[in-house]
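Note that the numbering used here has the sequence shown beginning at 674, numbered continuously upward.
Even glycine gets a Cβ: it sits at the ideal position worked out from N, Cα and C.
Note that the coordinates shown come from a computational prediction; the quantities given were computed from them, not determined experimentally.
What follows is a single structure, written as structure tokens, with notes after it.
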Amino acid sequence: MERQEKTEFILEQMRLSLAKEDYIRTQIISKKINIRFFSETSPTVQQLKIRFYKQMIQLSEHDKNFLETCQHYRQIHGTECVNEDESWWKEILKFSCIYIILSPYFNEQEDLINRILLDKQLGQLPDYKDILTLFTTLELIYWSDFYNKYQILLRDGTDSCPAVNVFNHSERGEEMWIELHRRITEHNIRVMAKHYTRISINRMTHLLALPQDTTEEITSHLVVNKTIYARIDRSKGIVCFRKPLETHQYLSDWSHSIENLMGFVSKSVHLINKEEMIHKLK
Numbered sequence: 674m675e676r677q678e679k680t681e682f683i684l685e686q687m688r689l690s691l692a693k694e695d696y697i698r699t700q701i702i703s704k705k706i707n708i709r710f711f712s713e714t715s716p717t718v719q720q721l722k723i724r725f726y727k728q729m730i731q732l733s734e735h736d737k738n739f740l741e742t743c744q745h746y747r748q749i750h751g752t753e754c755v756n757e758d759e760s761w762w763k764e765i766l767k768f769s770c771i772y773i774i775l776s777p778y779f780n781e782q783e784d785l786i787n788r789i790l791l792d793k794q795l796g797q798l799p800d801y802k803d804i805l806t807l808f809t810t811l812e813l814i815y816w817s818d819f820y821n822k823y824q825i826l827l828r829d830g831t832d833s834c835p836a837v838n839v840f841n842h843s844e845r846g847e848e849m850w851i852e853l854h855r856r857i858t859e860h861n862i863r864v865m866a867k868h869y870t871r872i873s874i875n876r877m878t879h880l881l882a883l884p885q886d887t888t889e890e891i892t893s894h895l896v897v898n899k900t901i902y903a904r905i906d907r908s909k910g911i912v913c914f915r916k917p918l919e920t921h922q923y924l925s926d927w928s929h930s931i932e933n934l935m936g937f938v939s940k941s942v943h944l945i946n947k948e949e950m951i952h953k954l955k
């Protein structure tokens, strides 16, 4: 069986498994495809590539693996026939932007969002580029401002920039919109962890515009995932973002400080002696 025929057969198996909502079998079947085959530039192979990644998108969307969904859209975006159609590549690029900001923060997500920002074609979607820039800047994103500025663009679209169907007004669209709000909150908490050593819960909830319970829940989630370090002292109403030093670290810091101090003293003595010698020569 030729590679193309074999690929078509496997893709049909994937399609049938997805139709039956057998996502585990779909995942297993997908591993039988050698993606190096898609590097061929013939139109038929490129259509098979698009078909494969569209099915993988269905699978990753079901698993709510937003990073993988973004990666699959990036693969489609890199297809020659897609780049020849402006409306098509713009749509795919919008999907890539949306799913990368829906993905929880970690190193791979940060790397991919920066690579998307370097895409020259993103310059033709300035609003989406601005949204990605917000997520890569260590500044708070106020939800009310974000909502007022981008809600229509992302959910309904504009005449010049139609929306994709991620945040539509369906039940799933509402879930995705809530997920986006959570990603923005997580970004804001990471920013606080960078700029504060400690902050009161009241101040934190005010900045996030969220109830205290929700603030504590999302902060705890980030701690469990090792995205940030934080300890919540409910009795004092304080969140501490600074990790306490071990005893040997205190001693090491003290020793380093003493060493620096003695260095400054030695340098000062040397400069004083130099001035005295110059004064005597005069």
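query                                                                                                                                                                      : result
Can you give, in chain order, each stretch of the alpha helix (DSSP H) that sits fully within the segment 814-869 and has at least 4 residues?                             : 816-828 and 844-868
Bridge partners of Val912, per DSSP?                                                                                                                                       : Ile872 and Ile905
Excluding the 5 residues preceding and the 5 following Ser873 in the sequence, name in chain order all residues of the same chain whose CB lies nearer than 7 Å to its CB. : Gly910 and Ile911
Classify Asp886 as helix, strand or coil using the three-state DSSP reduction.                                                                                             : helix
Between the C-alpha atoms of Val718 and Ser776, what's the straight-line distance to the nearest angstrom?                                                                 : 30 Å
In whole angstroms, give me the CA-to-CA distance for Ser817 and Ala882.                                                                                                   : 9 Å
Within 8 Å of any Cβ in chain C, is that where the Cβ of Glu889 sits?                                                                                                      : Among the chains of the structure shown, chain C does not appear; only one protein chain is present.
What is the C-beta distance between Lys763 and Gln797, in whole angstroms, given that I count them as a contact (C-beta under 8 Å)?                                        : 7 Å
What's the call for Gln744, buried or exposed, on a 16-neighbour Cβ count within 10 Å?                                                                                     : buried
The alpha helix (DSSP H) spanning Gly936 covers which residue range?                                                                                                       : Thr920 to Leu954
Let me know the secondary structure DSSP gives Tyr801 once reduced to three states.                                                                                        : helix
Counting only runs of 4+ residues fully inside the segment 753-785, write out the alpha helix (DSSP H) ranges in chain order.                                              : 753-756 and 759-775
Nearest-angstrom Cα distance between Leu740 and Val942?                                                                                                                    : 59 Å
When we look at the beta-carbon of His860 and count the other beta-carbons within 10 Å, is it buried (16 or more) or exposed?                                              : buried
What residue range is occupied by the uninterrupted alpha helix (DSSP H) comprising Ile723?                                                                                : Pro716 to His735
Are there 16 or more other CB atoms within 10 angstroms of the CB of Arg907, so buried, or fewer, so exposed?                                                              : exposed
Can you grab the Cα-Cα spacing for the pair Glu757 / His750, in whole Å?                                                                                                   : 10 Å
Could you check if Ile786 is buried or exposed, using at least 16 other CB atoms within 10 Å of its CB as the buried criterion?                                            : buried
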